[in-house]
Structure formats: structure tokens, C-alpha cells
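Under the working numbering, think of the first position of the sequence shown as 674, with each following residue one higher. Even glycine gets a Cβ: it sits at the ideal position worked out from N, Cα and C.
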Amino acid sequence: MKKIIYMSLILFAGLQSCKKDVKWVADDYASGAHEIPAGPYVADNSFKIVAYYAEANEPDSIANAKYKMITHLHYAFAYPNVDGTIKAIAKPANFVKVMQRAKDNGVKRAISFSGTETIYSAVAADPVLRSKLIRNIINLALKYDLDGIDIDWEYPRSNLSNDITYEAFMKELSAGLHKYHKYLSAAVTAGVYSGGVKDGINKAAIDATDFVNLMAYDGANWAGDPNHSSYKLAEDVLNVWLNQKGLPKEKAVLGFPAYGKDTGSPAKSMTYRNLLLRGASPDQNSYTVDGVLYYYNGIPLVKSKATLAKTSANGMMMWEFFQDPNGANSLLKAVNDALSRSY
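In C-alpha cells:
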């Protein structure tokens, strides 16, 4: 969700030759390795509370009670290689521990795939490599008995023909996952700025997903508000995706941050957990630390976004699980309280 994207000039140059047509790959990978569930796949359209867990964080620092406040946990991240293989999970002990705790608390579990833009562009444009990566992703989900897979490609761009190759990738991955009754979600750009990134995800790709996590943050000074994740930004993100890009309401999951940012370039950031430790109020949205003014989402703002999501979307998503403190000042607790949800 939050990463620096490195561009490879060689791969970029190769991608320029990609045409607006794609050879589709049949859904025949991984068959026979695992039993295919009986009956058709049925999507879960219940209201979701999704939390991403960053691999470097310590699982024991997260209270068990917080798992009761979410419906889905997405482990961040797994990474593809340019040959269609997958890098080894960097913190396997953390992965196993946090996935088991989620399962013990009835939380659905997925691993989120991130990585460099150029790798996704190259692999998705090649039918053979795309099929290989999809096969490896599905096998990973089967190996760890995950409930689903999340794709956080930042970002497909229509000016690089990624809108077509992203569509192919998501449709083929969706078909393979749904065969085993596993979901496919996507983390996507806020979409409020015109250009290739906004147009990089088309309606067919949206239709292939079970739900879409809208990254309604990192947008400082949107509509004149210095907060990088203002209420106005949340409203406008939902408007773009639902009314312009055709995202169905039942698939829309509104994202919010558990960290603050200043308005500098590049922006400094601090976790919500650490901001509170440095003296910030959970009921405010800005605080100065060592001369830097950070803008964040306090409890009242998050509650208002939860109310917005209840009426205009079908879920809330937070980056990131560890960055939200345990106890009374938890933003996840605020979401649950605003929704009158027991935990």
C-alpha cells in the first residue's frame, strides 16, 4: 500500500510494444493438486472491515481483542518476480503467527501482492508469464489455506496498455481463485486525479473482483484541506469509483489511514500509535512533533467515515493493523462503535 516504485528502463521500453490485444489463458492451472469444492462460488457481500498487516511488525504487539474488530486480514506483502515466480515470504514466522490468530478469531485471511510496477507490467503483458504467475499465486493460497488473494499493483496505467493487461490478469486470476472458492480483492488508487493511473483499471477488471479497497489517503491539499485523508477526499473517491468507473456499491471498501503526514515534499509520516505516544489527541486530526505538523484521522473523523461507508459503500479498510493502538483509542474500535458492531 505504501511503497516507493522503481522504474526499469529496459522493461519500460519493452512494454511500449504491447498492443491493445491479449491472448487469453484457459483456467486449467493447479487442477488436480487440491480438491475443487462442490457447487458454484458465491461472493460474500457482507459489510467488511479490512486491515492490512505489514510483515515487519511484531504480531505480539497487537492485542487479540483487535482481531474481533475486523472481518478480513491482508498480510502485506508477497512479491512476484519478472519470470512469474514468487519471492519467498520475508517473515515466515510472522506470517504463520498472524494468519493463525486471524483464523482463531474467525477472520478471513489473504496475502496481498505488491511489487514494482515494471514487473507487473512485463508479466501481465506476456500470456505465458501471466499464466505462470497466476498458477503460483493460486498454489500459494492453497498451500496456506487462505481465504483469498489481494492485488496491490501500484499502478496499472492506460497509457502503457496496462488497462488491457490488468484486465486479463485479474479475470484469469479471479477464475482460478473462484474455482477453489477463494476471493479476489484489489487495492486501488483514489482515482480523483485525471490521467493514465485513473484510467488504468477498467470495468471488466472491476467485475472480476469480489471487492475493491479504495486507498482514500495520501492526497494532501485535496479541495484545499491539508489532511491527506480528509472527509471530502473520502466522498470524492466514492463518487469517482461508484459513479464514474462503475464500481458496484457492494464491492466498495473505503480506506482510511492509521498514520499522519505533513504537507511537505517528500512528506514526512508518523503512525497514529506513535503520534498518540508523543502527545496527540485521539479526538483531533493534527499535531506537531519536533516542529513537523502531522495531519491524521482521529476518532471523530473515522467515525464519520464509517457512517459514510455504511450508507455509500460496503466496508472500511485500514492501513495498517499495527499502526492502530490497542485499547480505547483504537481507530478500529471507533469504526465498530460507529457501526454499532459487537466485538
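Contact between A841 and A814 is absent: CB atoms are separated by about 19 Å, not below the 8 Å threshold. Counting the other Cβ atoms within 10 Å of the Cβ of A1001 gives fewer than 16, which makes it exposed. Counting along the chain, the unbroken beta strand (DSSP E) around G933 starts and ends at Y932 to K934. Ranked by Cα distance from Y817, the options V771, L950, S794 and D891 are led by V771.
Of all C-beta pairs linking the stretch 944-959 to the stretch 910-926, fewer than three are shorter than 8 Å, placing the two stretches out of contact. Shown here for P732: same chain residues with a beta carbon closer than 6 Å to its own, the five before and five after excluded, namely N767, K770 and V771 in chain order. Secondary structure in the stretch 880-929: the beta strand (DSSP E) runs of 3 residues or longer, each lying completely within the stretch, are 884-887 in chain order. By the neighbour-count criterion, in which a residue is buried when 16 or more other Cβ atoms sit within 10 angstroms of its Cβ, I735 is buried. Each residue's CA atom was taken as its position, placing N832 and G869 some 5 Å apart. Closest option to G849, judged by alpha-carbon separation, among R803, L887 and V861: R803. One alpha carbon belongs to D963, the other to S787, and they sit about 32 Å apart. With a beta-carbon spacing of about 5 Å, R782 and L819 fall inside the 8 Å limit used to define contacts. By the CB criterion at 8 Å, K976 and A1007 fall inside the cutoff. Buried is the label assigned to S903, since at least 16 other Cβ atoms lie within 10 Å of its Cβ.
Counting of Cβ neighbours within 10 angstroms places Y740 among the buried residues, the total reaching 16 or more. Nearest to A1011 by C-alpha distance, out of I722, P710, N835 and E728, is I722. The Cβ atoms of K934 and A893 lie closer than 8 Å to each other. If you check the CB distance, L920 and I879 come in under 8 Å. Taken through DSSP and simplified to helix, strand or coil, L833 comes out as helix. Counting along the chain, D823 sits inside the beta strand (DSSP E) bounded by residues G821 to I824. As summarised for the stretch 789-823, the continuous alpha helix (DSSP H) elements at least 4 residues long and confined to that stretch are 790-798 and 800-816, given in chain order. Straight-line measurement puts the Cα of V715 at about 11 Å from the Cα of K852. If you check the CB distance, L806 and V780 do not come in under 8 Å. In this structure, DSSP gives S942 an extended state, which the three-state scheme calls strand.
Rounded to the nearest whole angstrom, the CA to CA distance from G821 to L948 is 33 Å. One Cα belongs to Y969, the other to T862, and the distance between them is close to 19 Å. Inclusion of M990 and V926 in the CB contact set at 8 Å is warranted, their separation being smaller than that value. For H851, the secondary structure class from DSSP, reduced to helix, strand or coil, is helix.
With distances taken between CA atoms, G988 lies nearest to K922 out of K922, T961 and N835. The C-beta distance from Y960 to D997 rounds to 16 Å, too long to fall under 8 Å, and the pair is not in contact. In this chain, the beta strand (DSSP E) harbouring K781 covers K781 to F786. Judged by DSSP in its simplified three-state form, V965 adopts strand. By the 16-neighbour rule on beta-carbons within 10 angstroms, I810 is buried.
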